[in-house]
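Protein chains in written order, with my numbering: chain A, 232 to 491; chain B, 499 to 828; chain C, 104 to 391; chain D, 7 to 241. In what follows, a structure is listed as structure tokens, so that the remarks can point back to it.
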Amino acid sequence: MKLLQVQGMNKRFGGLKAVSDLHFDVDKGEIFGLIGPNGAGKSTTLNMIDGSLSMTGGKIFFKGHDISGLSPYKRAGLGIARVFQRDVLFDSFTVLENVLTGLHLNSNLGIKDALMPFSPGTRKKEQDLENKAMELLDFVRLSDRPGMMAVNLPHGDQRSLGLAIAMATNPDLYLLDEPLTGMNAEETSFMMETINKLRDNMGVTIVVVEHNMKAVIGLCDRAAVLDYGVKIAEGTPSEVTADERVIEAYLGTEQDVVSS
Amino acid sequence: MDSKRLLSIFGVLLLIVFSFAIAPFLGNPYWSSVLIMIVINILLTSSLRTIFILDEVSLGQVGFTLIGAYVSALVVMELGLSFWAGLILGGVASAFIAMAVGYPFMKLKGIYFSILTLMTTEILRLIAYSWKPVTGGQYGLTGIPSPNPLTLPGIGEINFSSMNNYYYLALTIVLVCLFIMYIIEKSHLSRKWIAIKDADNLALSVGINVMKYKVLNFTIACFFAGLAGGLFAHYQGLLSAGATGRFGVMTTLNLVIYMVIGGKSKFSGPIIGTIAIMLLMEFARPLDNLRPMLVGAVAIIFVLLLPEGIAGLPVRLKSIGKKYVSGVLR
Amino acid sequence: METSLSFVLQAIANGLAMGGLYILVALGLTLILSIMGILQLAHGEIYMIGAYLVYYLTSSLGISLYIAILISMGAMGLIGLVLERGIFRPCKGDFLSVITVAIALTLILRSYAVAQFGLFERTVPKLASGSLVFFGVAVPKDRFVAMLIAAAMSVALYLFLKMTRYGQAMFACAQNPEGARLRGINPDLISPMAMMIGCALAAAGGAIAGSIWMLTPTMGTLPLVKGLIIIVIGGMGSLSGAIVAGIFLGLMDGIIPVFFGPVVTSIAPLVIVVLILLVKPQGLFGHG
Amino acid sequence: MLFQVKNLVVRYEGAEILKGISLEMEEGEIITLIGNNGAGKTTALRAISGLKSPHSGEILFRGQRIDNLLPQDIVKRGISQVPEGRALFPHMSVSENIRISGFLRNDKQGIKEDLDRIYDSFPVLKERSAQRASTLSGGEQQMLAIAMALMARPTLLLLDEPSTGLSPKMVTEIGRVIYNIHKSGTSVLLVEQNANLALSLAQRGYAIETGKIVLSGFAGELKKSEHVKRAYLGQ
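Written out as structure tokens, the structure is:
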């Protein structure tokens with residue numbers, strides 16, 4: 232079943248075409264890579280899928296519904312979760328509070344609870360949320376320091392926390408923006424393991440944006456390669472990496488700049 | 499419940515008792531009127547800080563006070579409703595207008611939001627200043643009645659035309675408002691505001707309707723600003739909207755000073771700051787025209803040396819004390 | 104017919120003179136905002152103190168008006184330097200701190216003026232006496248002199264910014280502070296310059312206003328509000344935008360009262376600004 | 007020794023971005039620092055240019071420590087950077103951008119000569135000299151950024167990912183420009199993600215991963231190294 236369908240997506244910034252007529256489908260349960268060199272339009276594409284950027288043209292379908300005009304929070308409600316490229320976290324909060332905030336959609340705290348935060352009913356609801364949050368922290372191996380301020384976490388753990396926040400929305404589709412960037416070998420392998428575990432245990436679908444070819448090969452079932460906002464190849468990682476055009480776009484032309 | 503929490507609850511109760519007990523000892527209407535203005539301004543400054551939870555500085559709180567003041571006065575004078583209805587309707591009118599303009603307003607951030615709110619408050623003032631048939635124009639409204647006497651079982655009839663009694667009334671209302679604001683501060687609502695302030699894109703991506711919560715924030719803050727206006731109208735008995743008067747630009751700017759000196763990141767900050775600066779203004783009467791200079795100097799000293807304000811002093815002193823102790827021991 | 108023409112011509116002259124003053128205030132505001140990122144809410148007070156200094160120099164020391172204006176500009180420039188170093192720079196760009204410090208400065212300067220000069224209205228000598236006659240209508244000469252001074256200073260500022268190394272460095276700092284650092288420009292050197300120029304222009308504006316109208320300790324509020332209106336309409340950081348918006352606003356202020364009441368005159372620009380902020384916050388002439 | 011970095015540690019908000027890197031270069035060399043996004047390359051250049059003060063370690067230029075100097079003093083000594091994202095003054099014209107980049111120089115004649123020379127080597131900039139910098143294409147902006155850095159007459163030119171976002175043809179073009187700059191006697195430190203480009207230009211190279219130098223050597227050797235092939239060349 233097609234979980235996500237991108238049809239004729241376009242984005243213009245002034246005169247610049249950041250994404251041109253992009254088509255691709257993602258099946259349920261797939262890990263799909265969106266790869267390309269810096270500036271190829273990967274993050275722009277991701278921003279249009281999660282709704283933080285509006286499209287100049289095209290349509291996006293999620294679970295068969297047209298979500299093209301919906302705002303990001305509505306898309307989150309439908310089951311799309313975004314994990315940001317840089318360490319975007321709630322800096323004023325502890326690790327636990329970050330995940331609690333992520334549980335917004337799963338909480339049934341209403342205006343009544345806002346006016347009676349100390350009432351037993353509200354307390355109970357919050358306790359339940361806390362338990363849920365701790366489970367998620369367990370999954371990303373952060374349950375040992377729920378009270379730590381999120382900003383004080385090491386880089387790799389901040390990424391894990393970002394993932395836990397996304398998991399808290401209980402999504403069907405994850406959008407991961409360069410999840411491995413800036414990580415050391417140990418953190419990279421843990422993150423890859425976590426992503427695989429997420430898909431295998433929970434049956435979710437994952438779209439990964441990555442410029443690091445090596446990581447993509449190990450992670451994705453299928454991938455599309457972007458160059459200057461145009462899709463130049465799509466297929467299994469081995470198909471994609473063997474493609475002439477991908478090699479040229481990705482690695483630069485083989486001609487020696489010095490001798491030419 | 500830990501002892502620290504118990505202690506602070508006890509402290510707050512003590513302060514409340516003190517603020518009730520103080521009025522008769524001061525004894526004269528002048529001090530009662532000072533105290534009334536202090537509690538009204540506490541409410542206003544606290545409403546400013548509600549918006550500051552989103553990291554936005556509203557320079558327009560006084561504009562919404564004006565709405566509350568005029569609406570509250572007019573429904574009592576023209577429609578013959580009670581003080582209580584007037585007070586609530588004033589707050590509601592202010593909140594309603596805030597909600598109506600909230601969506602486009604809350605899209606702006608930083609300097610843009612501050613300038614927008616500053617201009618809005620001037621527009622509201624000028625409308626009040628010129629809309630003669632309704633607001634009395636530059637002559638303003640006069641003869642706004644005091645609240646009707648209240649009969650309480652066991653105490654008897656309380657007449658609010660006395661300054662002292664009006665102070666009790668205002669204090670009670672403001673305390674209730676502060677209690678509600680405190681509760682909101684501790685609730686999931688304020689956690690969402692902080693989340694939006696920290697990273698609105700992440701907040702959106704976990705499904706938080708960012709604009710809804712921002713507009714709600716603005717609406718709540720302006721509701722309390724409107725209530726403050728109603729309290730002011732029925733205390734003063736007359737309203738006018740001249741440029742240098744109560745609803746002028748300087749009033750709105752002073753609130754920022756109260757908040758910063760008191761401590762912008764603590765709930766108690768605006769309360770402490772308003773009391774401290776307004777009392778300072780009273781005790782510095784001999785300085786006469788130079789009093790604002792004193793306040794300005796104090797504000798600059800706080801910004802540069804104690805950015806967390808008076809409410810941040812205990813922590814600051816503790817760290818200084820620790821340094822000193824460790825210095826002595828070493 | 105004749106009287107209405109005379110009204111309109113005088114209104115235009117008044118409007119252009121006011122526009123000139125607003126421009127002087129707005130140019131400083133926008134320079135300070137774009138280079139230092141500071142919303143200088145006390146800028147109107149600098150304008151006021153600059154005017155009072157001219158009053159003091161002319162009335163107590165008997166210095167001639169034009170010299171006094173120059174001295175006042177220099178003095179306010181120095182004060183700007185002190186303010187930048189002493190109180191604005193330590194705020195390190197924190198928005199609330201900057202606003203608070205500026206408000207505190209407003210309180211201090213205004214209360215100083217009240218204490219020193221009292222609440223009475225004061226006057227300084229006229230920039231010029233007599234009238235010029237256009238189409239049989241007499242328009243006071245001082246309006247023209249005010250316009251000329253404002254125009255000359257705007258042109259001088261423009262030339263300084265466009266043609267000199269330090270002027271260009273100011274633009275560079277405003278557009279890309281880190282890029283400027285990499286090219287060897289030190290923003291810590293450029294910021295006080297912006298503040299000095301801004302304060303000097305405000306002082307000139309205040310002095311001219313004082314010589315056409317009156318001096319009061321609260322005279323700074325109006326030009327501050329007008330200055331904010333101008334930089335919003337013109338786009339924050341845009342000098343040409345500030346000049347166009349300033350002339351536009353001055354004319355509005357001059358002409359509207361002829362046909363409508365003073366309240367419409369005050370409200371109209373505010374409403375325009377609120378609408379611009381809501382629809383196109385970068386201003387009508389702003390970049391991007 | 008022209009330039010030396012010894013055990014440089016840089017922190018941002020508690021996180022150690024550079025964990026003690028060392029590199030060195032001789033006068034007239036062109037070396038490269040390759041690594042993926044987030045490895046710490048840009049941070050290293052920011053520290054060298056004085057935009058970010060290091061937590062510990064030393065940076066030496068002609069034997070003197072420069073790690074405590076302000077950016078303008080570092081430019082004065084002859085180190086000029088072409089930053090990532092080009093850092094132009096978008097609303098100033100191309101010629102204003104170039105002129106203001108000679109801010110620290112007082113020799114009017116020399117500035118004029120350099121301007122002419124730059125226009126000779128970048129005819130496209132001459133063509134567009136009156137246009138706003140923001141209206142240039144990506145490749146032209148990169149040319150402008152390089153021209154601006156050259157206005158300081160640097161002994162050492164630092165380039166931060168000049169190939170980012172450029173078409174292969176433009177990358178080749180930029181490569182040629184860098185090559186010519188080096189030929190004319192300027193030492194170059196090239197930071198790149200595009201290892202292919204970097205290793206064809208440079209004489210020697212260092213590879214950086216999560217804040218540490220993991221490999222260094224002559225460009226030819228690095229190109230053949232299995233690690234580089236896997237990590238950077240995608241083979």
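Ideal Cβ positions, reconstructed from N, Cα and C, are used throughout, including at glycine.
Status (buried if at least 16 other CB within 10 Å, exposed otherwise) for residue i
i              : result
F508 (chain B) : exposed
T472 (chain A) : buried
R354 (chain A) : exposed
A255 (chain C) : exposed
N539 (chain B) : buried
V489 (chain A) : Caution is warranted here: a pLDDT of 43 is assigned to V489 (chain A), below 50, making its placement in the model unreliable, and no coordinate value can be reported.
S544 (chain B) : buried
E485 (chain A) : Low confidence applies to E485 (chain A): its pLDDT is 43, below 50, so where it sits in the model is not reliable enough to give any reading.
S193 (chain D) : buried
E232 (chain D) : exposed
Q636 (chain B) : exposed
M355 (chain C) : buried
E424 (chain A) : exposed
G65 (chain C)  : In the structure as shown, chain C starts at 104 and stops at 391, and residue 65 (chain C) therefore has no counterpart that could be examined.
First through last residue of the beta strand (DSSP E) which encompasses residue i
i              : result
S234 (chain C) : 234-237
A454 (chain A) : 453-458
T652 (chain B) : In the sequence under discussion, the amino acid at residue 652 (chain B) is Gly, which differs from the Thr named in the question. First-last for G652 (chain B): undefined, no H or E at that position.
D256 (chain A) : 247-258
I437 (chain A) : 436-441
G26 (chain D)  : 21-31
R243 (chain A) : 233-244
T216 (chain D) : Unbroken run through T216 (chain D): none, as it is neither H nor E.
Q10 (chain D)  : 9-18
G393 (chain A) : Element bounds for G393 (chain A): not the beta strand (DSSP E) but the alpha helix (DSSP H), 386-399.
Sequence-distant residues of the same chain with beta carbon closer than 8 Å to residue i, five excluded per side
i              : result
M131 (chain D) : The amino acid occupying residue 131 (chain D) in the given sequence is Leu; Met does not appear at that position. Excluding positions up to five away in sequence, the list reads V100, I104, I124, Y125, E146, M149, L150, A153.
G239 (chain A) : D252, L253, H254, G288, G289, K290
I206 (chain C) : L144, A145
I37 (chain D)  : L29, M31, V194, L195, L196, A208, Q209, R210, G211, Y212
D258 (chain A) : M232, K233, L234, T436
Close Cβ partners of residue i (< 6 Å) along its chain, the five nearest in sequence each way excluded
i              : result
A701 (chain B) : A693, I694, V708
Q236 (chain A) : D256, F292
I770 (chain B) : G760, I808, A809
Close-in-space but distant-in-sequence residues of the same chain around residue i (CB under 7 Å, 5 per side omitted)
i              : result
Q312 (chain D) : Here chain D covers residues 7 to 241 and nothing more, so residue 312 (chain D) does not appear.
L367 (chain A) : V330, A395, M398, A399
V201 (chain C) : I141, L142, F191, C194
Query raised in the report: Are the segment 624-640 of chain B and the segment 594-603 of chain B touching, with three or more C-beta to C-beta distances below 8 Å?
Result: With fewer than three CB-CB distances shorter than 8 Å, the segment 624-640 of chain B does not count as touching the segment 594-603 of chain B.
Query raised in the report: If you scan the segment 720-802 of chain B from start to end, which runs of the alpha helix (DSSP H) of 4 or more residues do you find wholly inside it?
Result: For the alpha helix (DSSP H) assignment, the uninterrupted runs of no fewer than 4 residues enclosed by the segment 720-802 of chain B are, from N- to C-terminal side, 747-760, 766-781.
Query raised in the report: So, do the segment 773-780 of chain B and the segment 188-196 of chain C have three or more beta carbon pairs nearer to each other than 8 Å?
Result: They do not touch, by the three-pair rule.
Query raised in the report: Which ranges does the alpha helix (DSSP H) cover as unbroken runs of at least 4 residues, wholly within the segment 308-349 of chain A, from first to last along the chain?
Result: Runs of the alpha helix (DSSP H) inside the segment 308-349 of chain A: 326-333, 342-346.
Query raised in the report: Is the segment 703-721 of chain B touching the segment 575-584 of chain B in the sense that three or more CB pairs, one from each, lie closer than 8 Å?
Result: Short answer: they don't touch.
Query - Touching by the beta-carbon criterion (3+ pairs, under 8 Å), the segment 223-238 of chain C and the segment 311-320 of chain C - result: The segment 223-238 of chain C, when compared against the segment 311-320 of chain C, does touch it at the 8 Å Cβ threshold.
Query raised in the report: What are the complete beta strand (DSSP E) segments, minimum 3 residues, inside the segment 553-580 of chain B?
Result: DSSP runs (the beta strand (DSSP E)) wholly in the segment 553-580 of chain B: none.
Query raised in the report: Quick one: complete alpha helix (DSSP H) runs, 4+ long, within the segment 114-173 of chain D?
Result: Taking only runs of at least 4 residues, the alpha helix (DSSP H) segments lying wholly in the segment 114-173 of chain D are 114-127, 129-133, 144-156.
Query raised in the report: Below 8 Å, can you find three or more Cβ-Cβ pairs linking the segment 291-299 of chain C to the segment 228-243 of chain C?
Result: The answer is no - the segment 228-243 of chain C does not touch the segment 291-299 of chain C, with fewer than three Cβ pairs under 8 Å.
Query raised in the report: Hey, which unbroken runs of the alpha helix (DSSP H) at 4 residues or more fall wholly within the segment 681-727 of chain B?
Result: You should have 686-696, 698-703.
Report task. Quick one: which unbroken alpha helix (DSSP H) runs of 4-plus residues sit fully inside the segment 259-297 of chain C? Chain order, please. Result -> You should have 268-278, 280-285.
Query - Contact the segment 737-757 of chain B vs the segment 559-575 of chain B: 3+ CB pairs below 8 Å - result: Contact between the segment 737-757 of chain B and the segment 559-575 of chain B is established, with three or more Cβ pairs separated by less than 8 Å.
Query raised in the report: For the segment 178-224 of chain D, which segments carrying the beta strand (DSSP E) assignment without a break, of at least 3 residues, lie completely within its bounds, in sequence order?
Result: DSSP runs (the beta strand (DSSP E)) wholly in the segment 178-224 of chain D: 193-198, 210-215, 218-224.
Requested in this report: Evaluate contact between the segment 612-623 of chain B and the segment 543-558 of chain B, counting only Cβ atoms and requiring at least three cross-stretch pairs below 8 Å.
Outcome: The answer is yes - the segment 543-558 of chain B touches the segment 612-623 of chain B, with three or more Cβ pairs under 8 Å.
Query raised in the report: Using 8 Å as the threshold, is the segment 271-280 of chain A in touch with the segment 403-420 of chain A, meaning 3 or more CB pairs across them?
Result: Output reads yes: the segment 403-420 of chain A touches the segment 271-280 of chain A.
Query raised in the report: Okay, do the segment 104-117 of chain D and the segment 266-275 of chain C touch, 3+ Cβ pairs below 8 Å being the bar?
Result: Judged by Cβ distances under 8 Å, the segment 104-117 of chain D makes contact with the segment 266-275 of chain C, as three or more pairs qualify.
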